[in-house]
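Keeping their order, the protein sequence lines are chains G and Z. Quick note: to get this note's numbering, add 123 to the position in the first sequence (first position is 1). Quick note: to get this note's numbering, add 104 to the position in the second sequence (first position is 1). Below: the structure, in C-alpha cells.
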Amino acid sequence: MATEVEEKTEGLIGARMKRVEDPGMITGSAKYIDDLKLPGMAHVAILRSPYAHARIRGIDTAKAVAAPGLVAVYTGKDFEHLPPLPCAWQAGGVENFVATPRALEIDHVAFTGAGVAAVVAETKAAAEDALELIEVVWEPLEVVVDVEEAVKESAPQLHEVAERNIVMDWHVGDAEATERALAEADVIVEQRLVNQRLVPTPMDVRGSAASFDPATGEYTVWMTSQCPHIMRLLMTAFVFGIPETKIRCISPRIGGGFGTKIYLYPEYVLMAALAEKLGRPVKWVESRRENYVATTHGRDHVTYLRAGAKRDGTITALDAKTYANLGGVLSTIAPGIPTTLYGRMLSGSYRIPNSHCQVLGVYTNTAMVDAYRGAGRPEATYVIERAVDLIARELDIDPVEVRRRNFIPPDAFPYDPGILRGLKYDTGDYEKALKRALEIVGYDDFRLEQQAARAEGRYLGIGFSTYVEICGAAPSAWIGAVGEGWGAAMWESANVRVHLTGKVVVTTGSMNQGQGHETTVTQVVADELGVAPEDVTVLFGDTQATPFGYGTYASRSVAVGTVAVYHALQRIRQKARRVAAHMLEAAEDDLEWSGAGFAVKGAPDRAKTIQEIAGAAALGYDLPEDTEPYLDDTYYYDPPSCTFPFGTHVAVVEVDAETGEVKLERYVAVDDVGKVINPMIVDGQVQGGITQGIAQALWEGAAYNEDGQLLTSSMMEYAVPKAEFVPKLEVDRTETPTDLNPLGVKGAGETGTIASTPAVVNAVVDALAPLGITHLDMPLTPERVWRAMEGGRHVSATSSSV
Amino acid sequence: MIPIALTVNGVRHETEVEPRTLLVDYLRDELGLTGTKIGCDTSVCGSCTIHLDGHAVKSCTVLAVQADSCEVTTIEGLAHGGELHPLQEAFWERHALQCGFCTPGMIMAGVELLDTNGDRLTDAEIRRGLEGNICRCTGYQHIVEAMHEAAVS
Chain G
124 MATEVEEKTE GLIGARMKRV EDPGMITGSA KYIDDLKLPG MAHVAILRSP YAHARIRGID
184 TAKAVAAPGL VAVYTGKDFE HLPPLPCAWQ AGGVENFVAT PRALEIDHVA FTGAGVAAVV
244 AETKAAAEDA LELIEVVWEP LEVVVDVEEA VKESAPQLHE VAERNIVMDW HVGDAEATER
304 ALAEADVIVE QRLVNQRLVP TPMDVRGSAA SFDPATGEYT VWMTSQCPHI MRLLMTAFVF
364 GIPETKIRCI SPRIGGGFGT KIYLYPEYVL MAALAEKLGR PVKWVESRRE NYVATTHGRD
424 HVTYLRAGAK RDGTITALDA KTYANLGGVL STIAPGIPTT LYGRMLSGSY RIPNSHCQVL
484 GVYTNTAMVD AYRGAGRPEA TYVIERAVDL IARELDIDPV EVRRRNFIPP DAFPYDPGIL
544 RGLKYDTGDY EKALKRALEI VGYDDFRLEQ QAARAEGRYL GIGFSTYVEI CGAAPSAWIG
604 AVGEGWGAAM WESANVRVHL TGKVVVTTGS MNQGQGHETT VTQVVADELG VAPEDVTVLF
664 GDTQATPFGY GTYASRSVAV GTVAVYHALQ RIRQKARRVA AHMLEAAEDD LEWSGAGFAV
724 KGAPDRAKTI QEIAGAAALG YDLPEDTEPY LDDTYYYDPP SCTFPFGTHV AVVEVDAETG
784 EVKLERYVAV DDVGKVINPM IVDGQVQGGI TQGIAQALWE GAAYNEDGQL LTSSMMEYAV
844 PKAEFVPKLE VDRTETPTDL NPLGVKGAGE TGTIASTPAV VNAVVDALAP LGITHLDMPL
904 TPERVWRAME GGRHVSATSS SV
Chain Z
105 MIPIALTVNG VRHETEVEPR TLLVDYLRDE LGLTGTKIGC DTSVCGSCTI HLDGHAVKSC
165 TVLAVQADSC EVTTIEGLAH GGELHPLQEA FWERHALQCG FCTPGMIMAG VELLDTNGDR
225 LTDAEIRRGL EGNICRCTGY QHIVEAMHEA AVS
C-alpha cells in the first residue's frame with residue numbers, strides 16, 4: 124500500500140550534516156566484533172587446509188587435546204549432522220550443480236584455507252598454539268586455478284555434480300540476431316579481457332561469537348554481517364532446521380564489508396554449534412591472512428568480447444562470452460553476480476539493438492568468489508566501456524563522439540534495454556553528465572596538450588567511462604521470479620516510534636557498514652517530523668530488536684531502506700494529523716503541516732507540535748474514536764522497480780616513457796545518483812569507491828600459483844592503495860531524480876567502483892596509442908606497461924624500417 | 105611472566121605479562137582499551153597506532169615489556185576534559201571517516217604529523233606522512249582535508 128505523501132518541508136534533506144554516528148568512532152568507544160567480551164567466553168582458532176585440492180585421510184587431535192589451556196578440539200565429523208551451507212541465489216539454473224562449504228570440511232577440500240578442524244581454548248594464543256599440534260593425513264589432488272583450464276576435459280574434477288567444473292551455462296540476449304548483426308557490421312572489434320580477481324579487504328576482518336541457552340534451546344550469534352536477518356533465516360531454515368525464533372543474530376558495528384559480509388560463512392554456523400556443544404560462549408575473529416584466504420574474493424572474469432558497428436560509430440551488436448571463476452565451492456549468492464548483475468547490464472548506457480552474453484560459472488581450486496562492491500556491474504561496465512573505446516580506435520573517431528552517438532537519449536526513458544527481464548532504466552540524461560565532465564576536465568585543451576606532449580615523446584592519455592548501473596535491489600516479484608534462483612523477497616522494513624516525550628526511535632532491517640545510514644535516516648526523520656536530529660535514534664543489526672529486513676548491499680539502503688522509513692513517517696504523520704485535529708477541535712482537512720507539527724490553516728497560533736501530539740497519543744487519555752494509542756508504524760517497502768544511477772568519469776594519465784609507470788594526473792567524476800540526502804556522505808562514498816576502482820586498474824590483483832597457493836595473502840603483498848597513491852579527486856554531480864520513490868533517490872554506494880576502472884584503463888591505452896597498443900590487461904603495473912611499450916616500440920621500429 | 109609498569113592515558117599500571125604479549129593485546133585485552141584496533145597483523149595498516157612516549161608507533165609491533173616505564177596514549181586518552189582534540193573535531197567535521205575502524209590509528213598518526221610539522225603541511229606531505237595507515241573507505245581525500253583543518257585550528 125502506498126502512503127499518501129504529505130506536503131514537503133525544506134530542511135535537512137540535502138544538507139551536509141555531520142554524522143551522528145561519529146563520536147564513538149573518533150574517541151574509540153565504538154564496538155566492533157573483536158571488542159566483544161562475553162562472560163566465560165572461550166576462544167576458537169581454525170585449522171585450514173594448506174592444500175588447494177585434497178582428500179582428508181585422517182585427523183589426529185590427541186596432541187592438541189593435551190595442550191595447555193585447551194578446552195576441546197573438533198573436526199568436520201563432529202558436525203556431520205549439519206548440512207552444507209545453502210546457496211541462496213541459484214541464478215542461472217545451478218540447482219543441480221551446487222557444492223557449498225560445511226561448518227568444517229569432512230573428507231575433501233577444494234581451496235587453500237578451507238576449515239577442517241577447530242580448537243577451543245581459554246585464550247586466543249593457546250588456541251592458535253594448539254593448531255600446530257593437530258596432525259592431518261592429506262592426500263593431495265591435482266589442482267586447477269585457471270578458469271579456462273578448468274572447463275577442459277583434461278582438468279581435475281572438483282565436484283562430482285559439476286562436469287568439467289561448470290556450475291552454470293547461462294545466456295541472455297539473442298545469440299542468432301547478434302551473430303547476424305556482427306556479420307553485417309562495417310567493423311568488428313574483438314578482444315579478450317581479463318577482469319582480475321580482487322581481495323575486497325575491509326579493514327575490520329570477519330568474526331563471530333555465540334552463546335547457547337540449553338533451557339530454552341536458543342542461540343545468540345554475533346557476527347560481522349551486512350544482513351543479520353538473512354543470516355538468521357539461512358541458519359535456522361537451512362542449517363539447524365529450527366524455527367527462526369531460536370536464533371538471534373546480532374551484527375555489531377562492522378568496519379566495512381564491501382560485499383564480503385553479506386554471506387553465510389562456515390564459521391558463523393560453527394560458532395553456534397560450538398556454543399551448544401560446550402555450553403559456554405565462544406568467539407573467533409579471523410586473522411588478516413584468514414581474511415585473504417578464506418573470505419570471499421571478487422570479480423575474476425575472462426571475457427571474449429566481440430562488438431560490431433557502422434562506419435559512423437553506431438554500435439549494432441555486442442557479444443560476450445564470459446568465464447566467471449566462482450572458486451572451490453559456492454558462496455551464498457555467487458551465481459547471481461555474473462548473471463543478473465552482470466549479463467543483464469552489459470549494454471550500459473547505449474542503445475544496442477543486438478546483444479548476447481554467455482556466462483560459464485566455473486569451479487576452480489581458489490577461494491570463493493562473490494559480490495565485491497559493485498558486484499557484476501563493474502565487470503559489465505569494464506566490458507562495454509572498453510568495447511566503445513576499441514570501436515572508436517578502429518574507426519578513428521573520438522571516443523566521446525562514439526559515446527554520444529550511442530547514448531540512450533533523455534526522451535527514451537523509461538528505457539527497456541531488452542535484457543533486464545522487463546525492468547526499465549528509470550530516468551537519465553547521459554549527455555548532461557558527459558558535458559559537465561568535459562567542461563571540468565577541459566577536453567579540447569587536453570587534446571592539444573596531448574599532441575604537444577606526443578611531439579616531445581611523452582605519453583599523455585585521457586579515458587572515459589560513461590556508465591549506468593542498477594541499484595535498489597529489488598522488486599520482490601522480479602528478483603524472486605521462478606527461474607531466477609533467489610528464493611526470497613527483497614523489500615526493506617522500517618519501524619518508527621515517536622515516544623511520549625517526542626523522541627523518535629527508528630528500527631530497520633537494513634544495516635550500516637560505515638556508509639552513514641544513521642545520519643541519512645536521521646535527516647529524513649528530522650525533516651518529516653520536525654524534530655531535532657539529536658532527538659532521533661536509529662537502530663539496526665539485531666534480529667530481536669528490529670523488523671525483518673534484507674540488509675545492506677547493492678546500493679539499496681537509501682533507495683529501498685530509507686524509502687521504507689519515509690513511508691512509515693508519512694503514516695505517522697497521517698495519524699498525528701488525526702490526533703491533532705481532535706486536540707484542536709478542528710477537521711483534519713483544515714490542518715496543515717507547519718514544519719514542527721500541525722496548525723489550523725489560517726490560524727497558526729492554533730497548533731500542536733509533534734511532541735505534544737506524540738504525548739497525547741502515548742498517554743491515550745483523550746483520543747479520537749477508533750484510534751489506537753501511540754505514534755508507531757512499521758512499513759515494508761517493496762520497490763516498484765530498480766533505480767539506475769549514471770554519470771561520466773574521466774581519467775587523465777601520463778605514462779613514463781622509461782619505466783612504464785602510470786601517473787594519474789587528474790580524475791574527474793560527474794555522477795547522477797538522483798536526489799542527494801547528504802552531499803558530504805555521497806562525496807565520501809564516491810571518493811572511496813573511485814579509489815577502489817582505480818586500485819583495480821593500477822595495483823590490486825590476487826595471485827594464485829599453479830598449486831593453488833595464494834601468493835597475495837597479506838597486506839604486504841596485496842596492494843591496497845595508500846594516501847599518496849591517489850590524486851585529489853574532482854567530484855561533481857548532476858541531479859536527475861528517479862520517479863520511482865518520493866525521495867527521488869537512486870543510490871550512491873557503488874558508482875565510484877563501477878565507473879572508475881575502465882576510465883583509467885582507457886586513459887592508459889589512449890596514452891599508448893602512438894605505440895599501436897589497443898588493450899592492456901589489469902593491473903597496469905609498470906612492468907606490464909613497460910613490456911607492452913617495448914613491444915610497441917619494436918613493432919613501430921620494424922615497420923618503419925621496411 | 106615479566107613485571108612491567110607503565111602509564112596509559114595518565115593512569116599508572118603495574119602488572120605482569122607473558123613475554124610474548126604484544127602491546128596492542130595488553131591495551132585491548134587487559135586494560136579494555138578497545139579503541140586501538142588490529143587490522144593486518146603485519147604492521148602495514150596502522151589501525152593499532154598509539155603514542156609511546158609521544159611518538160606514533162604501531163602497537164602490534166611493540167611487545168608489552170618494551171613499553172615498561174613508558175607513557176602510552178591511546179585514542180581514548182586524546183580528548184581532554186570532555187573536549188575533543190582538534191583533529192578529532194576535524195575528522196568529524198570533514199567526514200574523514202566512514203566505517204571508523206582505521207580512524208583511531210589514523211588520528212593518532214595524524215596528531216604526531218601535525219605536532220611535528222604544524223601548519224606547513226602540503227597535500228603531498230600529508231599523504232606521504234600517513235603512508236603507514238590504510239583506510240579502505242574514504243579514498244583519503246576527506247582525511248587530507250581534515251588534516252589541513254586541524255593544522256590551522
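Think of the CB as a built atom: it goes at the ideal place given N, C-alpha and C, for glycine as much as any other residue.
1. Going by DSSP in three states, K406 of chain G sits in which element: helix, strand or coil?
2. Assign K698 of chain G to one of three DSSP states: helix, strand, or coil.
3. Determine the closest residue to H424 of chain G out of G:A535, G:L397, G:D900 and G:R916, with distance taken between C-alpha atoms.
4. Can you give me, in chain order, the residues of the stretch 218 to 241 of chain Z that have a beta carbon less than 9 Å from any beta carbon in chain G?
5. Run through chain G and tell me which residues come within less than 8 Å of Y130 of chain Z, C-beta to C-beta.
6. Threshold first: 3 residues or longer. Then list the beta strand (DSSP E) segments lying entirely within the stretch 678 to 758 of chain G, N to C.
7. For A298 of chain G, name the three-state secondary structure that DSSP assigns.
8. Would E788 of chain G and Y582 of chain G be called neighbours here (beta carbons separated by less than 9 Å)?
9. Can you give me, in chain order, the residues of the stretch 846 to 857 of chain G that have a beta carbon less than 7 Å from any beta carbon in chain Z?
10. Which bits of chain Z does I813 of chain G rub up against, with CB to CB less than 7 Å?
11. Counting pairs of beta carbons, one from the stretch 490 to 505 of chain G and one from the stretch 380 to 397 of chain G, are three or more of them closer than 8 Å?
12. Just mark T766 of chain G as buried or exposed, buried being the case when its beta carbon has 16 or more other beta carbons within 10 Å.
13. Starting from Y505 of chain G, follow the alpha helix (DSSP H) in both directions and report where the run begins and ends.
14. With a threshold of 9 Å between beta carbons, is T146 of chain Z in contact with chain G?
15. Should K698 of chain G and D713 of chain G be called a contact, given that it needs their Cβ atoms to be closer than 9 Å?
16. Taking the straight line between their C-alpha atoms, what separation do you get for M613 of chain G and C210 of chain G?
17. Using a threshold of 9 Å, state whether the C-beta atoms of R570 of chain G and P893 of chain G are closer than that.
18. What are the residues of the stretch 660 to 671 of chain G that lie near chain Z, defined by any Cβ-Cβ distance shorter than 9 Å?
19. Check whether the stretch 751 to 767 of chain G and the stretch 689 to 707 of chain G touch, using three or more Cβ-Cβ pairs below 8 Å as the test.
20. For M105 of chain Z, would you say it is in contact with chain G, using Cβ-to-Cβ distances shorter than 9 Å as the test?
21. Tell me the rounded alpha-carbon separation between Y673 of chain G and Q314 of chain G.
22. Verify the CB distance criterion: does R116 of chain Z have a CB-CB separation below 9 Å to chain G?
23. Verify the CB distance criterion: does T165 of chain Z have a CB-CB separation below 9 Å to chain G?
24. State the DSSP-derived secondary structure class of L217 of chain Z, mapped to helix, strand or coil.
25. Give a yes or no on whether the minimum CB-CB distance between I377 of chain G and chain Z is below 9 Å.
26. Which partner residues of G181 of chain G appear in the DSSP bridge assignment?
27. Note down, in chain order, each residue of its chain lying with its Cβ closer than 6 Å to the Cβ of P656 of chain G, except the 5 sequence neighbours on either side.
28. CB-CB under 8 Å to R422 of chain G, same chain, minus the five flanking residues each way: which ones, in chain order?
29. Tell me, to the nearest whole angstrom, how far the beta carbon of V310 of chain G is from that of T642 of chain G; I am working on the premise that it is less than 8 Å.
30. Could you tell me which of Z:V128, Z:E134, Z:L126 and Z:N113 sits nearest to T119 of chain Z, measuring between CA atoms?
31. For V295 of chain G, which residues of its own chain have a beta-carbon under 7 Å away from its beta-carbon, when the five flanking residues on both sides are left out?
32. Give me the Cβ distance between A250 of chain G and V312 of chain G, rounded to the nearest whole Å; I'm assuming they're in contact under 8 Å.
33. If you run the structure through DSSP and keep just helix, strand and coil, what is L652 of chain G?
34. Which one of Z:T242, Z:P190 and Z:C149 has the shortest CA to CA distance from D223 of chain Z?
35. Spell out the partners DSSP gives S478 of chain G in its beta bridges.
36. If we call anything under 9 Å between Cβ atoms a contact, is A240 of chain G one with V217 of chain G?
Let's see:
1. Looking at K406 of chain G - three-state DSSP - the assignment turns out to be strand.
2. helix
3. The option with the nearest alpha carbon to H424 of chain G is G:D900.
4. Going along the stretch 218 to 241 of chain Z in chain order, one finds D227, A228, I230, R231, R232, G233, L234, E235, G236, N237, I238, C239, R240 and C241 with a Cβ nearer than 9 Å to chain G.
5. Those within 8 Å of Y130 of chain Z in chain G number zero; the least Cβ separation is about 12 Å.
6. 714 to 716, 720 to 723 and 726 to 732
7. helix
8. No, they are not a contact pair.
9. If you check each beta-carbon in the stretch 846 to 857 of chain G against every beta-carbon of chain Z, the ones closer than 7 Å belong to A846, E847, V849, K851 and L852.
10. G243
11. yes
12. Answer is buried; the Cβ neighbour count reaches 16.
13. R500 to L518
14. Yes, T146 of chain Z counts as interfacial toward chain G.
15. No.
16. 16 Å
17. Taking the C-beta atoms as reference points, P893 of chain G is found no nearer than 9 Å to R570 of chain G.
18. none
19. yes
20. Answer no: the Cβ-Cβ gap between M105 of chain Z and chain G never drops below 9 Å.
21. Between Y673 of chain G and Q314 of chain G, the alpha-carbon positions lie close to 38 Å from each other.
22. No, its Cβ sits nowhere closer than 9 Å to a Cβ of chain G.
23. no
24. For L217 of chain Z, the secondary structure class from DSSP, reduced to helix, strand or coil, is helix.
25. Interface flag for I377 of chain G against chain Z is set, since a Cβ pair is found closer than 9 Å.
26. G:V260
27. Excluding positions up to five away in sequence, the list reads T645 and A649.
28. Within the same chain, R422 of chain G has close Cβ partners N318, Q319, R320, L321, V492, Y495, P501, E502 and Q819.
29. Contact flag wrong, Cβ pair sits at about 50 Å.
30. Z:E134
31. Answer for V295 of chain G: G466, R467, C480 and I542, listed in chain order.
32. Incorrect: roughly 55 Å between the Cβ atoms, too far for contact.
33. helix
34. Z:P190
35. G:L441
36. no
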